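In our numbering, the protein residues as written are 2 to 267. Quick reminder that beta carbons are idealized off the backbone N, C-alpha and C, glycines included. Small disclaimer: the values here were computed from a predicted structure and weren't measured.
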Ligand SMILES: C[S@@+](CC[C@H](N)C(=O)[O-])C[C@H]1O[C@@H](n2cnc3c(N)ncnc32)[C@H](O)[C@@H]1O
């Protein structure tokens, strides 16, 4: 997966990374990245054959990446960057109204890059992290003990889909999915958007990041998906949610964009 890019100006909003011309130009500019890409493409083909369903496939990607380095598996090239990315998620949500008494659901919580800060901040038992990858959840538990946060009793749960059917209605003030839909095909995003309204409180909101394109929607291998903002806003609205693009997130040094959805009023 591409690591989080360092600055908004680095966003390439028009390129189609799946196009042969793009790949050829990229290879010429970055010859050192050709061999790793080919290794990844080989792994992709093998995993596609073994796991025709997306969740099974991505779980296998995470198992392989986490074995090598859990922090790189969630998209951070260094520990400093892992810390900075967690801080960015935390600061943004606190600036947008996250309070200690809130209940939070972190979809695709990974190894708690942002999660440990939320757990530390929220009241005991108020953080709920879910992920499809057992390997990254084992790493999440390590982060939890390294940070000495056991007494905060967070929930860390494996899931096989995003129907959220095991969670209570009208419960979460904040639902969050950072760098998850950037790795999700449309049917996974739709599944989430068609169920998230049920678990949100009346005043709750769901923030998710996505890899934005203003050109043709495309995907790289089955790992990275690029969507137009309008596609995701329309999908949310079709599922009875209010949805808006978060302009102020664009000022943060992060390669993805952010949308906020909430239950539609009236
Ligand atoms: C790039 S990592 C980001 C992790 C965390 N949100 C963070 O910012 O550090 C993406 C995470 O989402 C998980 N994931 C991918 N697809 C998912 C899905 N459909 N449901 C739940 N988790 C998913 C992956 O296993 C991985 O841990």
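At which residue ranges does the stretch 216 to 248 contain complete alpha helix (DSSP H) runs of 4 or more residues, listed in the order of the chain? 230 to 239
Taking the C-alpha atoms as reference points, what is the distance between residue 251 and residue 22? On the chain shown, residue 251 is found 250 positions in, with the first residue counted as 1. On the chain shown, residue 22 is found 21 positions in, with the first residue counted as 1. Each residue's alpha carbon lies about 28 Å from the other.
Cβ-Cβ separation, residue 117 to residue 99 (assumed contact under 8 Å), whole Å: One-based indexing of the chain shown puts residue 99 at position 98. One-based indexing of the chain shown puts residue 117 at position 116. The Cβ separation is near 15 Å, so there is no contact.
Could you tell me if residue 162 is buried or exposed, where buried requires 16 or more neighbouring beta carbons within 10 angstroms of its beta carbon? Along the chain shown, one-based indexing puts residue 162 at 161. Label assigned to residue 162: exposed.
Per DSSP, what kind of secondary structure is residue 94 in: helix, strand or coil? The residue labelled residue 94 in the question sits at position 93 within the chain shown. Helix.
When DSSP builds the beta bridges, which residues end up paired with residue 208? Numbered from its first residue, the chain shown carries residue 208 at position 207. Beta-bridge pairing links residue 208 to 177, 261.
Which residue from 126, 264, 42, 108 puts its Cα closest to that of residue 138? Start at 1 with the first residue of the chain shown, and residue 138 comes out as number 137. Ranking the options by Cα distance to residue 138, first place goes to 108.
For residue 132, which residues does DSSP report across the bridge? If you number the chain shown from 1, residue 132 lands on position 131. Partner(s): 159.
Return the bridge partner residues of residue 107 from the DSSP annotation. Position 106 of the chain shown, counted from the start, is the residue given in the question as residue 107. In DSSP, residue 107 forms a bridge with 130, 177.
In terms of residues, what are the limits of the alpha helix (DSSP H) holding residue 196? If you number the chain shown from 1, residue 196 lands on position 195. Unbroken alpha helix (DSSP H) run through residue 196: 187 to 200.
Report yes if the C-beta distance between residue 189 and residue 55 is below 9 Å; otherwise report no. For the purposes of this step, residue 189 is identified with residue 188 of the chain shown, where counting begins at 1. For the purposes of this step, residue 55 is identified with residue 54 of the chain shown, where counting begins at 1. In contact: residue 189 and residue 55 (Cβ atoms closer than 9 Å).
Residue 46, buried or exposed, once every other Cβ within 10 Å from all chains shown has been counted against 16: Translated into the one-based positions of the chain shown, residue 46 becomes position 45. Residue 46 is exposed by the Cβ-count criterion.
What three-state label does DSSP hand residue 18 in the structure shown? Taking the first residue of the chain shown as position 1, residue 18 is located at position 17. Three-state DSSP puts residue 18 in coil, outside helix and strand.
Nearest-angstrom beta carbon gap, residue 165 and residue 242 [assumed within contact, 8 Å]: Locating residue 242 in the chain shown gives position 241, where the first residue counts as 1. Locating residue 165 in the chain shown gives position 164, where the first residue counts as 1. That belief does not hold up - the Cβ atoms of residue 242 and residue 165 are roughly 14 Å apart, past 8 Å.
Exposed or buried, residue 183, counting other C-beta atoms within 10 Å across all chains shown (16 or more means buried)? The count along the chain shown starts at 1 and reaches residue 183 at position 182. In the assembly as shown, residue 183 is a buried residue. Its beta-carbon has 16 or more other beta-carbons within 10 Å.
Drop a sphere of 10 angstroms on the beta-carbon of residue 103, count the other beta-carbons inside from all chains shown, and report buried for 16 or more, exposed for fewer. By 1-based counting over the chain shown, the position of residue 103 is 102. Buried is the call here.
Assign residue 158 to one of two classes, buried (16 or more other C-beta atoms within 10 Å of its C-beta) or exposed (fewer than that). For this step, residue 158 is matched to residue 157 along the chain shown. It is exposed - the Cβ of residue 158 has fewer than 16 other Cβ atoms within 10 Å.
Given that a residue counts as buried once 16 or more other Cβ atoms are within 10 Å of its Cβ, and exposed if not, what is residue 244? As a first step, residue 244 must be located in the chain shown, where it is residue number 243. Residue 244 is buried by the Cβ-count criterion.
Just how far apart, CA to CA, sit residue 134 and residue 60? Indexing the chain shown from 1 puts residue 134 at position 133. Indexing the chain shown from 1 puts residue 60 at position 59. Going by the C-alpha atoms only, they are around 5 Å apart.
Under a three-way DSSP split, which group does residue 266 fall into? Start at 1 with the first residue of the chain shown, and residue 266 comes out as number 265. If DSSP states are grouped into helix, strand and coil, residue 266 belongs with coil.
Does the beta carbon of residue 144 fall short of 8 Å from some heavy atom of ligand 1? Position 143 of the chain shown holds residue 144. False, no ligand heavy atom lies under 8 Å from that Cβ.
DSSP state of residue 203 mapped onto helix, strand, coil: For the purposes of this step, residue 203 is identified with residue 202 of the chain shown, where counting begins at 1. Correct three-state label for residue 203: strand.
Is residue 147 buried or exposed, if buried means 16 or more other CB atoms sit within 10 Å of its CB? The residue you call residue 147 lines up with position 146 of the chain shown. That one is exposed.
Please tell me whether, using a cut-off of 8 Å, the distance from the CB of residue 150 to the nearest non-hydrogen atom of ligand 1 is below it. Here residue 150 corresponds to residue number 149 of the chain shown, with the count starting at 1. The answer is no for residue 150.
Smallest Cα separation from residue 132: which of 235, 110, 72? Sequence index remark: in the chain shown, residue 132 carries index 131 (1-based). Out of 235, 110, 72, 110 has the C-alpha closest to the C-alpha of residue 132.
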